[in-house]
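Heads up: the structure comes next, in structure tokens.
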Ligand code: XMP
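Residue numbers (this note's numbering): 334 to 871.
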């Protein structure tokens, strides 16, 4: 998560919340496949709640959630490899349908007595699927269709009791079912866009086979979360650190809907925001939504702490520490206000992806270290309210829209907690340099939005290096600042590509910057991807 305030204390990593009573749920048992999360997302897109569970999770835990169906995900292993994840056979005795995808299917076939072998060649990418017997799973779908494959082990014969439904060029058995036992399998990936009928297959599984109601929508999420927040907070009160990003904004609005003015939001303006961003947050929350809001103008405090600090990690530390201090002061003050001894809660915008990543998936070694600003001191003694803990980012946006949050906030690009301070690179984040950067950034944002490109870009921003270059402006020689334009596309910030902005747009941006900002006499474009570069310069 790249919001600053939304990541205050370390979240409880015990696993995502179970779905509310009443909603149907299908669990995805994760065997470490690259698309496992995507399967859960696609199931939710079909209107059914879904979460990942590790393949090591005890059977009782899975059973206790009373899922309507189970999906076994893909995974990198071969069923013949030492230490390959095994099937918990009890999954087949839960009395609900099971769908194996890729490795999930191979595992089912292997364990139930089918013939799975390593083929001479793997099958990767687009493949042609021929449906010989549609069965229940593929009923109504074309006899010929494309699908996306990514496997080496191949099913040659299904176990007794199973019907082979389809084959592909390299997979003699690419889809199977045993209706009696409620076990289904597909070798290809229905969750990726390259399988055009993938969604139909998932819907068939979810509705006709599992009997799920497709009622999981942004509106139902809002209703469900409001009830849960009320149940958790009771008559207590809560505070929420607002950063201006979508996660903390949506979390705050949900809690406000649930407990009204017993929520107070705290917005710490550290003076490192974009132009007009602080005002927009205040206007949206205080004036439009009428959420009790404490806006702390802490610019001077932050800038004086940042004086003389040029080393990037030091900047982050100084900002993080000061942020905690300001937030803590406000929290203590607010606690003193009501003093009735009722429980106090801290609202956080933790997302499902944070829960999954921080918890670490079995078999996946990398655990992303968040760029958060550190933890709150323990003596503040808050209980956490995390209403977004089971939601993906796109669902958070849908909930934001459902709650009436303006598009500007719903679709805001990620912005780092330390803000513009880490974009004044190689030098001190002084007020003067921040102002130059803020103006340049404002022009960039305006033009990117006007060109209709804002949502397509993961991030677009300016960097102000601590160098001067010579120019001629009017009749004068100038010795001015260089502004770097950085715009990237990305899915998750782990990798990124530099965005191919149109030349005409770049020219307009550059000439506005050099015309409107006296201190700027040169504009350059960063054409570095990640890797090898990072998105930010510091
Ligand atoms: P890098 O520069 O590592 O950035 O490619 C990846 C993503 O993280 C954001 N970022 C930060 N977010 N505090 C934050 O809250 C930070 O200190 C920080 N540094 C980088 C960056 O904007 C990008 O989205």
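Even glycine gets a Cβ: it sits at the ideal position worked out from N, Cα and C.
Predicted model only: the values in this text are computed from it and were never measured.
- Linking residue 837 to residue 780 through their CA atoms gives a straight-line distance of about 11 Å.
- Contact between the stretch 640–653 and the stretch 521–530 is absent, with fewer than three C-beta pairs closer than 8 Å.
- Where residue 637 is concerned, there is no enclosing beta strand (DSSP E), although the alpha helix (DSSP H) around it starts and stops at 632–639.
- Not one heavy atom of the ligand XMP lies closer than 7 Å to the C-beta of residue 643.
- Ranking 728, 389 and 570 by CA distance to the CA of residue 717 puts 570 first.
- One Cα belongs to residue 819, the other to residue 732, and the distance between them is close to 30 Å.
- Using a C-beta cut-off of 8 Å, the stretch 489–508 makes no contact with the stretch 383–397, since fewer than three inter-stretch Cβ pairs fall below that distance.
- Counted as a single uninterrupted DSSP element, the stretch harbouring residue 511 is not any alpha helix (DSSP H) but the beta strand (DSSP E) occupying residues 508–511.
- With fewer than 16 other beta carbons inside 10 angstroms of its own, residue 426 counts as exposed.
- Rounded to the nearest whole angstrom, the CA to CA distance from residue 870 to residue 758 is 7 Å.
- With a cut-off of 7 Å, the C-beta of residue 647 is classified as distant from the ligand XMP, since no heavy atom of the ligand falls inside that distance.
- Taking a contact as a CB-CB distance under 8 Å, the pair residue 472 and residue 537 counts as one, their CB atoms being some 7 Å apart.
- Where residue 369 is concerned, the enclosing alpha helix (DSSP H) starts and stops at 369–378.
- When the beta-carbon positions are compared, residue 404 and residue 449 stay at least 8 Å from each other.
- Taking 8 Å as the cut-off, the Cβ atoms of residue 531 and residue 513 do not count as close.
- Between residue 795 and residue 821, the gap from beta carbon to beta carbon reaches 8 Å or more.
- The ligand XMP has no heavy atom closer than 7 Å to the beta-carbon of residue 389.
- In summary, residue 461 is exposed, with fewer than 16 beta-carbon neighbours lying within 10 Å of its beta-carbon over all protein chains present.
- In terms of side-chain proximity, the C-beta atom of residue 434 is found no nearer than 7 Å to any non-hydrogen atom of the ligand XMP.
- Not one heavy atom of the ligand XMP falls within 7 Å of the beta-carbon of residue 451.
- Residue 555 holds the alpha-carbon nearest to the alpha-carbon of residue 585 among 605, 475, 865 and 555.
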